[in-house]
Amino acid sequence: MTTRSDPHERVRARRRRPHQIVAAALTALAVVAVAACGTDANEEAGGSAQFTYTDSRGAVVELDQVPTRIVASEQAAAALIPLGVTPVGVWGGSSFADSIPLEGLDLSGIESVGQAYGEINLEAVAALEPDLIVTGAYAGDALGGIGSSDSDIATRLGEVAPIVTVSAQQPSSKILDTYQNLARDLGADPNEGAIAQERAAYDAAVENLKAAIAAKPDLTAMAISPSDQFYIAINEEFPELLDYQEWGLTLISSPVARTENSGSFSPVSWESVGDYQPDLILLDTRSYSTPLATLERERPTWQFLEAARAGHVADWTTDATNNYTSYTAQITALTEAIQSIDTAS
């Protein structure tokens, strides 16, 4: 069973916190509420701007102040930090050192408040006195790293501070725009010089990818996350795959129906691998996906794929498309992989 804090994981572990932990969290919440009342009165006297935000679920959050203390999921943090909004706390599916979304970001001064799916330290969150919580909204009414929106942990978090969501059920290019708008509402300047340069590099990478795809209109690709079964992505549920299709790439899917534990993947048997023959394989790089070397060594039917035999396998990291720098790197790698394939042979 995976414990990754990922919206597209195949098995979602949900563990209820012990009753004494929840009780301690509620005590902390009461302290935070009292402290917040005094702070609000002082800040209102200073005439701070009002904050109103309608999130992807249609929920409207109205605050007397622009939030400055934010706790976020690792995916949301990966989007906000490069835009100039640094959370005070972040939860995810691993330590900061092992987090794919947070790779390469300056995490100085940020506290880790959760390092496994569905397991968040409520006391630590409350102690940070956040005035806003930000996470993604995924298929099946799931919130990033905390299960369904009515789960126990989501309810407890909502008692600490209001939760706003950004939909992950849209292309990554649209998610980038949504986070820019949120960052602007939080007082950041998304048009600041460094961000503008990152956006320009991203725009150029997108145009290069479109050109590479257009040059090989018959090329097909398939995104997979193999482990106990040969899991093929349900393309419409991955933001970057929506982009790739919009930009002209033909992605293969499977008619095999998802199961309760397969998440956003079709669970294809290893014996049926040969039924799928893309020109390019996009291999999930996350921890619960079997690495290429292991596939080649331990899965004989891997060789049923012509693309595998030809070495036409590219990394696919769905967790890391929420900021321009990371997404640009992935787009560039995909472009190079497409350009390396001779579809005429």
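If you count by mature numbering (1 follows the signal peptide of the UniProt record, and there is no 0), then the sequence shown holds residues -35 to -1, 1 to 310, one letter each, in order. For each residue, glycine too, the CB sits at the ideal point set by N, CA and C.
Asked                                                                                                                                                               : Found
Comparing alpha-carbon positions, which option in Thr130, Leu141 and Ala81 lies nearest Gly110?                                                                     : Ala81
Take Glu8 and list the residues in its own chain whose beta-carbon comes closer than 6 Å to its own, dropping the five residues that flank it on each side.         : Here Glu8 scores only 41 on pLDDT, less than 50, and its place in the model should not be relied on; the value that follows carries that caveat. Closer than 6 Å at the Cβ level, and outside the excluded window around Glu8, lie Gln30.
Suppose contacts are defined by Cβ-Cβ distances below 7 Å. Is Met187 in contact with Ile246 by that definition?                                                     : yes
Thinking C-alpha only, which one of Asp150, Leu108 and Asp280 is nearest Ser132?                                                                                    : Leu108
Can you tell me the Cα-Cα spacing of Asp117 and Asn86, whole angstroms?                                                                                             : 13 Å
Taking only the alpha-carbon atoms, compute the straight-line gap between Ile160 and Leu48 and give it to the nearest angstrom.                                     : 7 Å
Suppose contacts are defined by Cβ-Cβ distances below 7 Å. Is Ile197 in contact with Val233 by that definition?                                                     : yes
So, with DSSP's three-state summary, where would you put Ser38?                                                                                                     : strand
Once the 5 residues before and after Arg(-22) are set aside, which same chain residues still bring their CB inside 6 Å of it?                                       : In this predicted model, Arg(-22) has a pLDDT of only 30, less than 50, meaning its place in the structure is not dependable; the value taken from the coordinates is given anyway. Closer than 6 Å at the Cβ level, and outside the excluded window around Arg(-22), lie Gly83 and Gly112.
Measuring alpha carbon to alpha carbon, tell me which of Ser231, Ser73 and Ala273 ends up nearest Arg262.                                                           : Ala273
Helix, strand or coil: which one does DSSP assign to Glu84?                                                                                                         : strand
Scan the stretch 70 to 130 and note each continuous beta strand (DSSP E) run of 3 residues or more that stays entirely inside, going in chain order.                : 76 to 79 and 97 to 103
If you check the beta carbons only, do Glu76 and Gly54 fall under 7 Å apart?                                                                                        : yes
Who are Trp267's beta bridge partners in DSSP?                                                                                                                      : None, per the DSSP bridge assignment.
Does the stretch 288 to 304 come close enough to the stretch 161 to 171 that 3 or more CB-CB pairs lie under 8 Å?                                                   : yes
By DSSP, does Val171 sit in helix, in strand, or in coil?                                                                                                           : helix
Tell me whether the beta-carbon of Ser190 lies closer than 7 Å to the beta-carbon of Asp249.                                                                        : yes
Reducing DSSP to helix, strand and coil, say where Ser305 ends up.                                                                                                  : coil
Would you decide whether Val25 is buried or exposed? Buried here means 16 or more other CB atoms lie within 10 Å of its CB.                                         : exposed
What are the boundary residues of the beta strand (DSSP E) that includes Pro204?                                                                                    : Unbroken run through Pro204 is the alpha helix (DSSP H), Pro204 to Glu211; no beta strand (DSSP E).
Provide the residue(s) that pair with Gly54 in DSSP beta bridges, ordered along the chain.                                                                          : Val36 and Glu76
Going by beta-carbon coordinates alone, are Ala102 and Thr130 separated by less than 7 Å?                                                                           : yes
Run through DSSP, which three-state label would Val(-14) get?                                                                                                       : For Val(-14), the predicted structure reports a pLDDT of 39, less than 50, and the residue's modelled location is therefore unreliable. The matter cannot be settled from this model.
Between which two residues does the beta strand (DSSP E) carrying Ile189 extend?                                                                                    : Thr185 to Ile189
Please state whether the Cβ-Cβ distance between Tyr289 and Glu163 is less than 7 Å.                                                                                 : yes
Since Tyr253 sits in a beta bridge, which residues does DSSP pair it with?                                                                                          : Tyr253 pairs with nothing; no bridge assigned.
Roughly how many angstroms lie between the CA atoms of Gly23 and Asn226, to the nearest whole one?                                                                  : 28 Å
With a 10 Å radius around its C-beta and 16 neighbouring C-beta atoms as the bar for buried, classify Ala222 as buried or exposed.                                  : exposed
Nearest to Phe16 by alpha carbon, out of Glu39, Asn146, Asp63 and Ser64?                                                                                            : Asn146
Please list, in chain order, all residues of the same chain as Asp183 whose beta carbon is under 7 Å from its beta carbon, the five residues on each side excluded. : Thr308
If you check the beta carbons only, do Lys175 and Trp212 fall under 7 Å apart?                                                                                      : yes
Quick check on Asn287: buried or exposed, where buried means 16 or more other Cβ atoms within 10 Å of its Cβ?                                                       : buried
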